[in-house]
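S.K.: Residue numbers (the numbering used here), protein chains in the order written: chain E, 1 to 419; chain U, 420 to 909. C-beta atoms are modelled at their ideal positions from N, C-alpha and C, and glycine is treated no differently. Attaching a single structure in structure tokens format; questions to follow.
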Amino acid sequence: MLEALGAGSMDELLVDVPASLRLRRLDLAPGLSELETMARVRELAARNRVFDDRLTFRGGGVYRRFVPAAVGAVLSKPEFYTAYTPYQPEASQGTLQAIFEFQTLIAQLTGLDVANASLYDGATAVAEAAMMAVVHTGRPEVVVAPYLHPEYLEVLRCYAEGRGFQVRIGTDPGNDSAALVFQSPDFLGLIADGSQVTELAHAAGALAIACVDPISLALLAAPGEYGADIAVGEGQQLGLAPSYGGPHVGFIACRQELVRRLPGRLVGEAHDGQGRRGYVLTLTAREQHIRREKATSNICTNHSLCALAASVYLTYMGPDGLRQVADVSYRRAHALADELSQLPEIELLHPDRPFFNEFPVRMKNVLHRLRALEAEGILGGLPVARWYPELEDVAVFCCTELNDPDALAQLVAALRKTV
Amino acid sequence: MREPLSFELSRPGWPGPRLPEAGVREAPAEHALPAHLRRRRTPDLPRISEPELMRHYSRLASLNYSISENFYPLGSCTMKYNPVANEAAAQLPGFAYLHPYQDQATAQGALELMHLLEAALCTVAGVDRVTLQPAAGAHGEWTALRMIQAYHQARGERRDQVLVPDSAHGTNPASAALCGFQVVEVRSGADGRISVADLESKLNQRVAALMLTNPNTLGLFEREILEVAEMVHATGAKLYYDGANLNALMGICRPGDMGFDAVHMNLHKTFTTPHGGGGPGAGPVGVKSDLEPFLPKPTIERRNGHYELDEERPQSIGRVRSFYGNFGMLVRAYTYILAMGGDGLAQASEDAVLAANYLRSRLQGVLDLPHDGPCMHEFVASARNLAEHGVKALDVAKGLLERGYYAPTIYFPLIVPEAVMVEPTETESKATLDAFADTVKEVADLARTDPQRLHAEPVSLPVGRLDEVAAARRPVLRWNAASESPTEAP
């Protein structure tokens, strides 16, 4: 190619780069064969300890769940994972239709009118929803109910400081409040009364933003059912591996009136000249590549492949499968809570509050006990004092369909030994 | 070939997959979920069997164009081959099943990988520290601007403007606005490069940063970058590097050496993590040492031979997302860097520049080339030479789709009318580039001889041109169920 260009060397093509900037070499180790590369990477992976699915009782926003093989099979199709954002709809109908299905699934699950093509994660979904509310109401603060995932709260604060609105913890929105944000189940696993919180928000003229667990929505009242304006959440549980915290997928759904304030991509139905149905990126007048600094958000891509995983998962499960997953998780968590509460020196933190599949437990020497569990191959509950000093000695335990009855018995026996 | 929606394939009565029963003693009655907290209506998810599901998604996959299938000349998107070893690495159980809230002592391999990746990215970009947390390029831009904002605030300065060239990616002004900055546009000169005179007139004590990509979106290296950096720094502002075009520079020169203070990098462009049909990507941000105190939490530190997540960073802007970044993408990028090595990465960038210049030369006389070469890793042509036949850049794009290629980026950058932006990447061979150039010529010839035919294309794809205007006027954003069925609570 150099020859065809009539160039003697690469330097002739790089004439615009000032000589003082030219590097002599890139100071990294020489390249490796695939065999050596994989050996090196495997060695790093081996230095991580992975706990058995059945013996993992830790959640806190990331969960071990059964992932049907169909999810991996679809995600490993290069037609999906090596495609770009679907700018040319005629050559991207696979991705576009899959996103349209995702939008519908999330709208169904949350009971709201519309959902977007996905966001980065649950934390940024909360921040984007809060910014929607601030723009929609023109009010300067967002009120956040206690025990929103602490990292979601930190992310919300980081966005708020940049954008210039206030974040306040409480359940008492006033005339300055754009929204009341609440999580249900919250970081401790406890279920909020969505109707009550939504009424509080609406009485103050604020939007109600519900941060929800998508699996729980097979059992628990949907945000749309209790009148919330925006629902957001983390979709990792829908077919994605924990992967040390990412990539996962955020979702956002809202009432129809708010659709033009939604951030990010939206896919809509369209037709060609012959009347054939297809799908396109639509309402792009909200987006950065058209509106630049006037866009609803700076988000450019979504987490399309992760959204695809969620779609395959939900489609595989169907309403009955999802209900069964939620139900088994619920029953096992409640059976475990019951067993744990009967152990000496262990008590449920909120025996009267309803929970879904995570619940807080107070036990003396919690860190010592959790280490003792690890020695037996069990990843116990999540100690939460690092975020909430008032919850010293509290750990939040989680059950999913992967924690079979024998695993529960193993956990109880191991904990009994630590007493 | 119309593929039904999964909802349309749904069969009432399909019982769903077999799943285990709870198998535990029934919890006491006081644990029963109160009625007012229960869902009233079953969500109307599709009910389809696994074989039907697999066929549905296989058929959908067949409607997609992808880099694994053929050349993807999409400008500014760096559609290079995604090595399959990257995928195997990310799926290793030691990475895939690691919980982010495990004791750090049990995640040393993951932390070490991130530490090594940070070091490699520092070397490539010429910066002192890197945060791996941002989930995408736009997220990285915003993270960097938040740090610059915090830096000025810490010095007691209120700077409320960000300068953005008229050729910039749309995410630049949008990210600046999301940080509450006023966006001021800087004009490009006739040669396609930033106008130093215009820049000078807009630099003042209100300016927090200039956002720049180099090579710029025209694929041209900003020759006066050292002068630009000096001017920006002289007013106390910071220089921000949009890393969308970093694939042009590895081993050739470094943004940090040019004077950039903050640099975002798209692992899904330069470092071969797959685009996934629109994410997940990863947009790490590198900074010079004076911005280091403001990095998002946590950073990864090596202390006494161990790797730690450092949350004790009083000046940090805080968290920009949950956990530590799109870790699975970090594994893929690190795997690529290991396999390529320093020499390999440098070769990749040289080959990318060579491919772009070669393809550019092949399109001379076919499309307009408004700026003089040489270019870096991409170039912008214009279809305005076809306007007299009533043919637009959009028609050229659709003609290429019809002939088995993805289309270049069109109508961007905004400063070139009828822009056709082409980035071939180092992946493509001379034979591939020749075949593509021949096809562009075929389309351009058709524009002259039979423009009507071109206007009607594509005709052999799953759908023809879709009416996007009608779609936006009355948006249908979901499939609607005819009815929903009631459910009982547990």
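Quick one, which residues of the stretch 284 to 309 of chain E are near chain U if we go by CB-CB under 8 Å, in chain order?
M.R.: Within the stretch 284 to 309 of chain E, the qualifying residues are Thr284, Ala285, Glu287, Gln288, His289, Ile290, Arg291, Arg292, Glu293, Lys294, Ala295, Ser297, Asn298, Ile299, Cys300, Thr301, Asn302, His303, Ser304, Leu305, Cys306 and Leu308.
S.K.: Suppose you measure from the CA of Leu424/U to the CA of Glu374/E; what does that come to, to the nearest Å?
M.R.: As a first step, residue 424/U must be located in the second sequence, where it is residue number 5. As a first step, residue 374/E must be located in the first sequence, where it is residue number 374. Answer to the nearest angstrom: the Cα atoms are 46 Å apart.
S.K.: What residues in the stretch 742 to 774 of chain U have a beta carbon less than 8 Å from any beta carbon of chain E?
M.R.: Listed by position, the residues of the stretch 742 to 774 of chain U near chain E (Cβ gap below 8 Å) are Phe742, Tyr743, Gly744, Asn745, Phe746, Gly747, Met748, Val750, Tyr753, Thr754, Ile756, Leu757, Ala758, Met759, Gly760, Gly761, Asp762, Gly763, Leu764, Ala765, Glu769, Val772, Leu773 and Ala774.
S.K.: What does DSSP give as the partner residues of Cys254/E in its beta bridges?
M.R.: By 1-based counting over the first sequence, the position of residue 254/E is 254. Paired residues: Val114/E and Ile230/E.
S.K.: Please classify Ala400/E: does DSSP put it in a helix, a strand, or coil?
M.R.: Within the first sequence, residue 400/E is the residue found at index 400, counting from 1. Reading the sequence as shown, one finds Thr at residue 400/E and not Ala. Note: Thr400/E maps to coil in three-state DSSP.
S.K.: For the stretch 800 to 808 of chain U against the stretch 828 to 839 of chain U, are there 3 or more C-beta pairs whose distance is under 8 Å?
M.R.: Flag = yes, the stretch 800 to 808 of chain U and the stretch 828 to 839 of chain U touch.
S.K.: Is the CB-CB distance between Glu301/E and Gly697/U below 9 Å?
M.R.: Taking the first residue of the first sequence as position 1, residue 301/E is located at position 301. Taking the first residue of the second sequence as position 1, residue 697/U is located at position 278. Sequence check: residue 301/E is Thr here, not Glu. Taking 9 Å as the Cβ cut-off, Thr301/E and Gly697/U qualify as a contacting pair.
S.K.: Kindly indicate if chain E contains any beta-carbon less than 9 Å away from that of Ala801/U.
M.R.: Within the second sequence, the letter at position 382 stands for residue 801/U. The sequence given here places Ser at residue 801/U; Ala does not occur at that position. No, its Cβ sits nowhere closer than 9 Å to a Cβ of chain E.
S.K.: Suppose you measure from the CA of Ser902/U to the CA of Ala115/E; what does that come to, to the nearest Å?
M.R.: Within the second sequence, the letter at position 483 stands for residue 902/U. Within the first sequence, the letter at position 115 stands for residue 115/E. Caution applies to Ser902/U, whose pLDDT of 40 falls short of 50 and renders its modelled position unreliable; the value that the coordinates give is listed next. C-alpha separation (whole angstroms): 19 Å.
S.K.: Does the structure place the stretch 97 to 105 of chain E close enough to the stretch 875 to 893 of chain U that three or more beta carbon pairs sit under 8 Å?
M.R.: With the cut-off at 8 Å, the stretch 875 to 893 of chain U and the stretch 97 to 105 of chain E do not touch.
S.K.: Does the beta carbon of Asn48/E come closer than 9 Å to any beta carbon on chain U?
M.R.: What you label residue 48/E is simply residue 48 of the first sequence in a count that begins at 1. Yes, Asn48/E lies at the interface with chain U (some Cβ there is under 9 Å from its Cβ).
S.K.: Is the stretch 200 to 217 of chain E in contact with the stretch 126 to 145 of chain E, if contact means three or more CB pairs nearer than 8 Å?
M.R.: Contact between the stretch 200 to 217 of chain E and the stretch 126 to 145 of chain E is present, because at least three Cβ pairs lie under 8 Å.
S.K.: Could you run through the stretch 527 to 547 of chain U and flag, in chain order, every residue whose CB is less than 8 Å away from some CB of chain E?
M.R.: Those residues of the stretch 527 to 547 of chain U that come within reach of chain E (Cβ to Cβ, closer than 8 Å) are Gln527, Gly528, Ala529, Glu531, Leu532, Ala539, Thr542 and Val543.
S.K.: According to DSSP, simplified to helix, strand and coil, what is His683/U?
M.R.: Taking the second sequence and counting its residues from 1, the one referred to as residue 683/U is at position 264. The answer is strand: DSSP assigns His683/U an E or B state.
S.K.: Measuring only the C-alpha atoms, how far is Pro383/E from Arg362/E?
M.R.: If you number the first sequence from 1, residue 383/E lands on position 383. If you number the first sequence from 1, residue 362/E lands on position 362. Those two C-alpha atoms are separated by around 10 Å.
S.K.: Take Arg612/U as the anchor and find which of Ser586/U, Ala627/U and Arg822/U has the nearest alpha-carbon.
M.R.: Residue numbering aside, residue 612/U sits at position 193 when the second sequence is read from its first letter. Ranking Ser586/U, Ala627/U and Arg822/U by Cα distance to Arg612/U puts Ser586/U first.
S.K.: Against chain U, which members of the stretch 319 to 342 of chain E pass a CB distance test of less than 7 Å?
M.R.: Cβ contacts with chain U: Pro319, Asp320, Gly321, Leu322, Gln324, Val325, Asp327, Val328, Tyr330, Arg331, Arg332, His334, Ala335 and Asp338.
S.K.: What are the start and end residues of each continuous beta strand (DSSP E) run of 3 or more residues lying completely inside the stretch 139 to 203 of chain E, in chain order?
M.R.: Entirely contained in the stretch 139 to 203 of chain E, the beta strand (DSSP E) runs reaching 3 residues are, in chain order, 141 to 144, 166 to 169 and 177 to 184.
S.K.: Any heavy atom of the ligand ZN within a distance shorter than 8 Å of the CB on Ser495/U?
M.R.: The ligand ZN is absent from the structure shown, which contains no ligands of any kind.
S.K.: Ala270/E by DSSP, collapsed to three states: which one?
M.R.: Taking the first sequence and counting its residues from 1, the one referred to as residue 270/E is at position 270. Ala270/E falls in the strand class under three-state DSSP.
S.K.: Expressed to the nearest angstrom, what Euclidean distance is found between the alpha-carbon atoms of Leu551/U and Ala326/E?
M.R.: On the second sequence, residue 551/U is found 132 positions in, with the first residue counted as 1. On the first sequence, residue 326/E is found 326 positions in, with the first residue counted as 1. Cα to Cα, Leu551/U sits roughly 34 Å from Ala326/E.
S.K.: Can you pull out the residues from the stretch 264 to 285 of chain E whose beta carbon lies closer than 9 Å to at least one beta carbon of chain U?
M.R.: Residues Arg265, Leu266, Val267, Gly268, Glu269, Ala270, His271, Asp272, Gly273, Gln274, Arg276, Arg277, Gly278, Tyr279, Val280, Leu281, Thr282, Leu283, Thr284 and Ala285.
S.K.: State the CB to CB distance for the pair Glu531/U and Val549/U, rounded to an integer number of angstroms; the pair is presumed to be in contact (CB under 8 Å).
M.R.: Along the second sequence, one-based indexing puts residue 531/U at 112. Along the second sequence, one-based indexing puts residue 549/U at 130. That belief does not hold up - the Cβ atoms of Glu531/U and Val549/U are roughly 15 Å apart, past 8 Å.
S.K.: Among the candidates Asp676/U, Gly784/U, Ala515/U and Ala856/U, whose CA atom is the shortest distance from the CA of Val841/U?
M.R.: Counted from its first residue, the second sequence places residue 841/U at position 422. Of the listed residues, the one whose Cα sits closest to Val841/U is Ala856/U.
S.K.: In whole angstroms, what is the alpha-carbon distance linking Tyr120/E and Arg867/U?
M.R.: Locating residue 120/E in the first sequence gives position 120, where the first residue counts as 1. Locating residue 867/U in the second sequence gives position 448, where the first residue counts as 1. Cα-Cα distance, rounded: 45 Å.
S.K.: Name the chain U residues that come within less than 7 Å of Ile191/E, Cβ to Cβ?
M.R.: Within the first sequence, numbered from 1, the residue matching residue 191/E stands at position 191. Here the neighbours are Leu456.
S.K.: Is the CB of Glu649/U under 9 Å away from at least one CB in chain E?
M.R.: For the purposes of this step, residue 649/U is identified with residue 230 of the second sequence, where counting begins at 1. It does not; no Cβ of chain E falls within 9 Å.
S.K.: Give me the chain U residues within the contact set of Val62/E, using Cβ-Cβ distance strictly less than 9 Å, ordered along the chain.
M.R.: Stepping through the first sequence from its first residue, residue 62/E is reached at position 62. Ordered by position in chain U, the residues that pass the 9 Å Cβ test against Val62/E are His518, Pro519, Tyr520, Ser741 and Phe742.
S.K.: Beta strand (DSSP E) containing Asp729/U: first to last residue?
M.R.: Stepping through the second sequence from its first residue, residue 729/U is reached at position 310. Start and end: His725 to Asp729.
S.K.: Just tell me which of Leu28/E, Gln410/E, Glu199/E and Val15/E has its CA closest to the CA of Asp229/E.
M.R.: Counting from one through the first sequence, the residue named residue 229/E turns up at place 229. For Asp229/E, the nearest C-alpha among the options comes from Glu199/E.
S.K.: Do you know offhand how far Ile290/E's Cα is from Val583/U's?
M.R.: Position 290 of the first sequence, counted from the first residue, corresponds to residue 290/E. Position 164 of the second sequence, counted from the first residue, corresponds to residue 583/U. Approximately 15 Å, taken between the alpha carbons.
S.K.: Note down the Cα distance separating Asn633/U from Leu773/U, rounded to an integer number of angstroms.
M.R.: Numbered from its first residue, the second sequence carries residue 633/U at position 214. Numbered from its first residue, the second sequence carries residue 773/U at position 354. Whole-angstrom Cα-Cα distance: 17 Å.
S.K.: Fully enclosed by the stretch 294 to 374 of chain E, which alpha helix (DSSP H) runs are 4 residues long or longer?
M.R.: You should have 304 to 341.
S.K.: Output needed in chain order: residues of the stretch 476 to 501 of chain U with a Cβ under 9 Å from some Cβ in chain E.
M.R.: The stretch 476 to 501 of chain U vs chain E, Cβ under 9 Å: Tyr476, Ser477, Arg478, Leu479, Ala480, Ser481, Leu482, Asn483, Tyr484, Ser485, Ile486, Ser487, Glu488, Tyr491, Leu493, Cys496, Met498, Tyr500 and Asn501.
S.K.: Helix, strand or coil: which one does DSSP assign to Met677/U?
M.R.: Walking along the second sequence from the start, residue 677/U turns up at place 258. Met677/U: helix per DSSP, three-state reduction.
S.K.: Would Phe679/U count as contacting chain E if we go by Cβ distances under 9 Å?
M.R.: Within the second sequence, numbered from 1, the residue matching residue 679/U stands at position 260. For Phe679/U, the answer is no, since every Cβ of chain E falls outside 9 Å of its Cβ.
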